Structures are given as structure tokens and as C-alpha cells.
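Participant: Got a structure for you, written out below as C-alpha cells; questions coming shortly.
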Amino acid sequence: MGLMHNRTLIINKTIIKWREVIFDFTRIVGSFSLWNTITVTALRGLSSESDVVKRREEREERREDAARMMGSGGFESSFADFLRQCGGYAVLDGGLATELERHGANLNDPLWSAKCLLTSPHLIRRVHLDYLDAGANVIITASYQATIQGFEAKGLSKQESETLLRRSVEIAVEARDIYSERCAKSTTDVMRNGGKSVRPILVAASVGSYGAYLADGSEYSGNYGPKISKETLKDFHRRRVQVLANAGADLIAFETIPNLLEAQAYAELLEEESIKIPAWFAFNSKDGINVVSGDSIQACAAVAESSRHVVAVGINCTPPRFIHGLITSIQRKSTGAANEADFVSHVGEWCEAGATLVGGCCRTTPNTIRAISTALYNKSINVKIPQLQ
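Quick note: the sequence shown uses the working numbering, first residue 16, plus one each step.
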């Protein structure tokens with residue numbers, strides 16, 4: 016995934032066909048009673064009043080830390096500071112669902128990777144740690160497919176659903192804390208080949224599109240039908256965004272945005288709710304020119320450019336060969352699966368075109384991120400350090 020700063024953040028996530036499998040799933044795993052049983056198990060640790068108070072205090076501390084990180088210079092300047100600390104480029108993590116499956120998770124469910132928030136949160140933490148060990152500077156929460164509406168369809172209450180959304184952030188923060196403790200115990204600041212290193216690490220709260228919730232492929236077409244308005248989308252996402260923004264994440268990652276309408280809904284929602292952490296917008300494209308709905312990528316980028324909350328705009332779930340053209344297209348406006356070698360071969364041109372955060376998505380692994388991290392930090396690819404404002 017590759018991101019560009021100065022409101023131009025390009026994310027490359029390899030395009031894959033995992034969703035074709037999801038389309039064929041007509042069975043829901045387990046009955047409501049089973050899911051309620053799982054929920055009781057998953058949320059048992061939150062049942063005592065002291066635990067609830069402790070987690071609330073921890074979330075408040077993280078919100079205060081995020082506010083301090085923003086400083087007086089606002090979202091954009093603070094994000095530039097983060098990039099400077101990373102040496103000009105930062106590495107994002109890669110695919111979550113495929114790694115969860117590799118570790119034994121069964122994601123045969125409309126909730127997809129968010130199912131693991133209920134059944135196996137330890138696996139999510141393990142995957143986050145794998146990506147941190149691989150050199151990632153940003154880890155993205157397991158909340159892409161996690162919606163209050165989706166959890167309620169499984170028989171969970173609104174309160175339980177919101178608890179799981181917060182838990183997605185807490186798991187990522189816990190992984191970062193574990194990694195930092197390991198680094199502190201290390202005898203050297205940097206270990207070879209993308210191992211443990213003292214470096215800035217952010218947690219991004221993932222927000223998938225309305226189409227991701229529908230699980231009918233519309234996140235790859237942008238066709239929501241005539242009955243779905245901007246207000247409908249704002250109402251759908253509102254509480255989810257509020258909960259994630261207050262859970263202790265450093266920023267919000269709006270991913271796989273398939274059309275202009277949803278981008279507009281997100282931008283207005285960030286302003287209406289006075290969200291206190293920055294965001295990035297990531298669109299998907301199938302032709303290298305427009306987003307999947309056919310809306311202009313420049314028009315979509317302009318929505319991000321107009322929002323004071325959005326520090327970057329990007330492309331995800333798109334073939335790597337299209338990324339360079341999309342980066343340059345967005346730059347002019349606003350200032351198939353690939354293996355590790357394929358990704359690294361494109362990283363140099365993405366960075367030269369303006370990308371400053373580079374990582375992966377579906378079907379990428381910690382090995383992909385390790386290859387990107389090694390290439391960037393060992394200077395095995397020819398890139399210039401960007402001039403950050």
C-alpha cells in the first residue's frame with residue numbers, strides 16, 4: 016500500500032479475488048444463539064466495572080496523546096512530522112484476512128475478518144505483531160468489515176457491537192505496546208532485515224465502505240442503487256466513525272471507497288462530528304483512470320483536498336501497474352495479485368511519483384512488507400527523500 020502526503024496519499028493494495036468467495040457464501044456460520052455464546056466469551060473480560068473504567072481511562076489517555084500529536088500545526092503538519100521521523104517514507108501493513116486464515120481462522124462469514132474480534136482476537140494481535148516485525152510503521156485495525164449493523168444482524172446488542180469496534184483498536188494498540196516493550200529490551204535499536212526497531216508506529220482504524228457491509232460486490236462497482244443517498248451513507252457510518260475515533264486510534268483509514276458520493280459523505284461526517292484525529296481516503300480503481308464507479312479520480316481527490324481532516328488520499332485494491340498513473344493524475348489535481356518482487360519493482364516509481372507511505376492489502380503478507388521495508392531503508396531502490404512542508 017503506498018501513500019502520498021500533502022493530501023495526496025496513494026495506497027497500493029494488490030487486487031485479488033477473495034470477494035468472489037464471499038459472494039458464494041449463502042450460509043451464515045452458527046445460529047444467533049451460538050454467536051451470543053461467543054459474544055459472552057469474547058466480552059467476558061469487560062464485565063466488571065473496574066475493567067470498564069480502566070479501559071475508558073486508557074482510551075482517554077490515547078485520545079489526549081493523539082491530540083498532543085496534532086499540536087498547534089493541525090493534522091497535516093503533524094502527519095508531516097510523522098513522515099519526517101520515518102525518514103520521509105513510512106511503511107503500511109498488508110493483508111489481514113489472508114494472514115488470519117493462514118493462522119487457522121475460518122472467515123466463512125459476512126463479517127469476514129471482523130469475525131475474529133469475536134472468536135479469536137489473539138490471532139489479530141499476532142498478525143499485527145507479524146507486520147510490526149516486518150517493519151510496518153502503520154498497522155490497520157480489524158474493523159474494515161465491522162459495522163454496528165452487521166454485528167446486530169448476528170444478534171448482538173448495540174452496546175456489544177460498539178465494544179467490539181473499540182476492541183479492534185485496543186488489540187492493535189496492545190500489539191504496538193508489546194512490540195515497543197520488545198524493542199526496549201533489545202540490546203540494539205535496529206535488528207537486521209526489518210526486525211525489531213525503535214521507530215514511530217501509528218494505529219489506523221479501518222472503515223470499510225457501505226458496499227463492504229452489503230457483501231455483494233458493490234464495493235468493487237460503486238453501484239448502491241438509486242435509493243442510497245449521501246444522507247443514508249452518513250447515517251450508516253456515523254456512530255461507527257464516532258466510536259472508532261474515540262477508541263484510541265491515531266487516525267482513521269477510509270478504505271476501498273468506490274464512488275464520489277461516499278467520499279462526500281465521509282468528508283461531511285468528519286466535519287459534522289468534529290472528529291479529533293486525522294483521516295486518509297483510499298479509493299479503488301479497475302482501469303487506472305477512474306474509481307470503480309466511473310467517477311473521476313480527480314473529482315474524488317478534490318473531495319479529500321477540501322477536507323481539513325484528510326491528510327492523504329490514496330488508491331487500494333488496484334493492480335500495481337495502475338498506481339503510477341493514478342499517483343501522477345492525483346498529483347496534477349492536488350499538488351491481480353503481485354508477489355514480493357513485483358511490489359518492490361514498483362515501489363521506486365511510486366515514491367518518485369510522490370508516494371510517501373507504501374504497504375500492502377489483500378493477499379500481501381509480512382514477507383511483502385519486509386521486502387518493501389528493506390528496499391526503502393537499505394536504499395536498494397533509487398528514491399529521493401521528499402521535501403515535507
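From the three backbone atoms N, C-alpha and C, an ideal C-beta is built for every residue, glycine too.
All values derive from a computational prediction rather than experimental measurement.
1) Out of Arg191, His252, Leu341 and Ser176, state which residue places its alpha-carbon closest to the alpha-carbon of Ser224.
2) Which parts of the segment 260 to 345 are runs of the alpha helix (DSSP H), unbroken and 4 residues or longer, counting only runs that do not cross its ends?
3) Between Asn274, Gly150, Ser135 and Leu229, which has its C-alpha nearest Gly374's C-alpha?
4) Looking at C-beta atoms only, is the number of pairs between the segment 233 to 248 and the segment 143 to 159 that lie closer than 8 Å three or more?
5) Does the beta-carbon of Ser172 have 16 or more other beta-carbons within 10 angstroms, so that it is buried, or is it exposed?
6) Using the rule of at least 16 other Cβ atoms within 10 Å of the residue's Cβ for burial, across every protein chain shown, is Val306 buried or exposed?
7) List the DSSP bridge partners of Leu217.
8) With a Cβ-Cβ cutoff of 8 Å, do Ala220 and Leu259 count as a contact?
9) Measure the C-alpha to C-alpha separation of His20 and Val362 and round it to an integer number of angstroms.
10) Taking 8 Å as the threshold, find out whether the segment 323 to 331 comes into contact with the segment 275 to 295 through three or more Cβ pairs.
11) Can the beta-carbon of Arg140 be found less than 8 Å from the beta-carbon of Ala190?
12) How about the segment 172 to 188 and the segment 266 to 273: do they share at least three Cβ pairs that are nearer than 8 Å?
13) Is DSSP giving Leu107 helix, strand or coil here?
14) For Phe90, name the three-state secondary structure that DSSP assigns.
15) Would you check if the distance between the CB atom of Thr371 and the CB atom of Gly103 is smaller than 8 Å?
16) Determine whether the beta carbon atoms of Ala105 and Leu98 lie at a separation below 8 Å.
17) Residue range of the alpha helix (DSSP H) that Ile387 falls in?
18) Tell me, which residues are paired with Val142 by DSSP?
19) Based on DSSP bridge pairs, tell me the residues matched to Val222.
20) Taking Cys332 as the reference, give the member of Ser212, Asp124 and Arg378 with the closest Cα.
21) Could you give the DSSP three-state label for Tyr410: helix, strand or coil?
Facilitator: In short:
1) His252
2) 275 to 287 and 312 to 321
3) Gly150
4) no
5) exposed
6) buried
7) Val153
8) yes
9) Low local confidence applies: a pLDDT of 48 at His20 is under 50, so the model's placement there is unreliable, and no value is given.
10) yes
11) yes
12) no
13) strand
14) helix
15) yes
16) yes
17) Pro381 to Tyr392
18) DSSP, once it has assigned bridges, lists no residue as partnering Val142.
19) Phe269
20) Arg378
21) This structure gives no information on residue 410, because the portion of the chain shown stretches from 16 to 404.
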